[in-house]
Amino acid sequence: MRSLSHKGVAPVPLLTEGAMIKANELREQLRKEVIGQEKAVEALVQAVVIADLGICDPQRPLGTFLFLGPTGTGKSQLGRSLAKALHGDEKEVLAINCTEFQNPHDVAKLVGAPPGYVGHEHPPFITPEKLAKRFTIIIFEELEKADRTFFDLLLQVLERGEMTTGAGVHLDFTNCFLIMTSNVCAKEVDDINKGVVGFHPPGQKICSLPFDSADVKIQSTCMNAVGNFFSPEFLNRVDEIITFNRLKEEHLMAILNKFLLDTRARLAMVGIGTVIDEQAKRFLIRRGSNVRYGARPLRRALRQLLEFPLAKLVAEQGLDRNQAIHITADEERLSFRVEKLCKGQVIGSVA
Ligand SMILES: Nc1ncnc2c1ncn2[C@@H]1O[C@H](COP(=O)(O)OP(=O)(O)O)[C@@H](O)[C@H]1O
Ligand SMILES: [Mg+2]
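Quick note on this note's numbering: the sequence shown kicks off at 62 and runs consecutively.
This is the structure we're talking about:
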């Protein structure tokens with residue numbers, strides 16, 4: 062694996078004070094958005110700093126990353142959060158789902174095909190205009206699903222920062238950060254999460270690994286799986302290969318607080334004030350925790366257990382301007398109580 066320092070910049074260059082402040086701000090913002098994935102955050106921050114100083118290899122993309130590991134742990138989110146930090150909007154990414162490139166002729170969809178050729182009817186995924194912005198962010202999702210012909214094009218991008226297709230389209234990627242995510246080791250990670258990795262003689266009790274040992278095992282299993290799946294030419298051209306950590310309860314709590322900020326801000330916009338206590342949060346974490354799917358079930362729990370019943374309550378009972386809904390929980394369920402707002406209490410404030 063090549064690290065950033067192989068770009069002829071060894072080690073990280075001395076930063077000016079301004080660049081240092083910018084790096085610290087970016088690090089803080091990304092750490093707030095993507096919880097518990099320090100290694101990946103740091104790798105992106107370093108790449109942005111180096112790109113910002115303008116000392117990258119001019120023949121290559123600004124940074125190339127392969128993100129692996131358990132699902133729902135922030136791999137795609139980190140790409141979106143980088144877009145928010147650099148371009149002011151999470152949606153400012155070029156997201157390419159590699160499941161759409163499973164056949165050799167699918168690559169025509171990437172840059173478009175000339176009239177009369179297969180794929181001509183599809184508008185191209187990548188055009189020179191889409192790559193024109195400084196620090197364009199491209200996320201390749203589920204990279205392992207793509208066909209060989211797609212990898213051949215990607216190799217050109219990693220090696221020379223350009224892609225030239227059979228149809229004669231030339232694209233310049235030297236202005237881009239490439240984030241590739243892969244589920245190539247999903248099955249192995251899932252087995253470790255279930256605590257059933259390896260051969261267990263019949264009747265032997267299967268015991269789960271402690272959390273941290275499982276993380277170490279996931280890391281080595283992912284690296285092995287990736288080494289077996291992707292070619293060495295490909296892996297050697299990627300700047301950083303990073304396995305994401307599984308999310309612990311403290312991470313899920315921080316993610317829940319982040320989700321709640323959004324939910325409550327949206328509710329406050331339509332005049333619904335909410336106060337959510339600690340029991341309610343713990344209840345949502347209990348219901349939305351699943352080590353196999355990371356933070357995904359948490360979002361679902363929030364929607365089904367909090368947002369839907371809340372909407373129903375407001376639709377049925379209505380809510381006055383000076384009222385707020387207090388949300389708490391017992392072992393079994395969340396409960397909602399309409400209360401008068403205290404003097405000075407702000408709608409949407411954190412409980
Ligand atoms: N570490 C994390 N920090 C903040 N949010 C997260 C984290 N992991 C997952 N999420 C949230 O969970 C959902 C799925 O995350 P995503 O990044 O798409 O998963 P994946 O790792 O499978 O790409 C998103 O809504 C995302 O915001
Ligand atoms: Mg993803």
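Cβ atoms here follow ideal geometry from the backbone N, Cα and C, with glycine treated the same way. A quick note: this is a predicted structure, and the numbers were derived from the prediction, not measured.
Here DSSP, grouped into helix, strand and coil, assigns residue 283 to helix. At least one heavy atom of ligand 1 falls within 7 Å of the beta-carbon of residue 308. Residue 386 and residue 360 have their C-alpha atoms spaced approximately 20 Å apart. Secondary structure at residue 245: coil, using DSSP grouped into helix, strand and coil. Here the C-alpha atom of residue 183 lies approximately 20 Å from the C-alpha atom of residue 154. When DSSP states are grouped into helix, strand and coil, residue 393 belongs to the coil group.
Between residue 135 and residue 107, the C-beta gap is not smaller than 8 Å, which leaves the two residues out of contact.
In this structure, residue 200 places its C-beta atom within 8 Å of the C-beta atom of residue 137. Boundaries cannot be given for residue 151, as no beta strand (DSSP E) includes it and DSSP labels it neither H nor E.
Close CB contacts of residue 315 within its chain, under the 7 Å cut and outside five residues either way in sequence, are with 96 (chain order). Counting only beta-carbon distances shorter than 5 Å to the non-hydrogen atoms of ligand 1, the qualifying residues in chain order are 95, 96, 132, 133, 134, 135, 136, 137, 138, 316, 356. When DSSP states are grouped into helix, strand and coil, residue 116 belongs to the coil group. In this structure, ligand 2 has no non-hydrogen atom nearer than 7 Å to the beta-carbon of residue 205.
Our two residues, residue 383 and residue 329, have alpha carbons roughly 12 Å apart in a direct line. Checking the 7 Å criterion, the Cβ of residue 304 is out of range of every heavy atom belonging to ligand 2. Around the beta-carbon of residue 372, fewer than 16 other beta-carbon atoms lie within 10 Å, marking it exposed. Segment contact: the region 305-312 against the region 340-359, three or more CB-CB distances shorter than 8 Å; contact assigned. For the pair of segments examined, the region 101-116 was found not to touch the region 281-292: the number of CB pairs separated by less than 8 Å stays below three. Residue 295 is positioned such that its CB atom lies no closer than 8 Å to that of residue 366. Ligand 2 has a heavy atom closer than 7 Å to the beta-carbon of residue 242. Around the C-beta of residue 122, 16 or more other C-beta atoms lie within 10 Å, and the residue is accordingly described as buried.
Per DSSP, the continuous alpha helix (DSSP H) segment holding residue 312 begins and ends at 310-330. Rounded to the nearest angstrom, the Cβ distance from residue 131 to residue 238 is 23 Å, too far for a contact under 8 Å. Boundaries of the beta strand (DSSP E) harbouring residue 232: 231-233, taken from the DSSP string. With fewer than 16 other CB atoms across the displayed protein chains lying within 10 angstroms of its CB, residue 164 is exposed. For residue 225 and residue 145, the gap between their C-alpha atoms comes out near 30 Å. Going by beta carbons, residue 331 and residue 388 fall outside the 8 Å limit. Restricting attention to alpha helix (DSSP H) runs no shorter than 4 residues, the region 347-399 encloses them at 357-362, 369-378, ordered along the chain. A distance below 7 Å between beta-carbons, with the five flanking residues on each side excluded, links residue 87 to the following residues of its chain, in chain order: 106, 109, 146. Here residue 377 is exposed: its Cβ has fewer than 16 other Cβ atoms, across all protein chains shown, within 10 Å.
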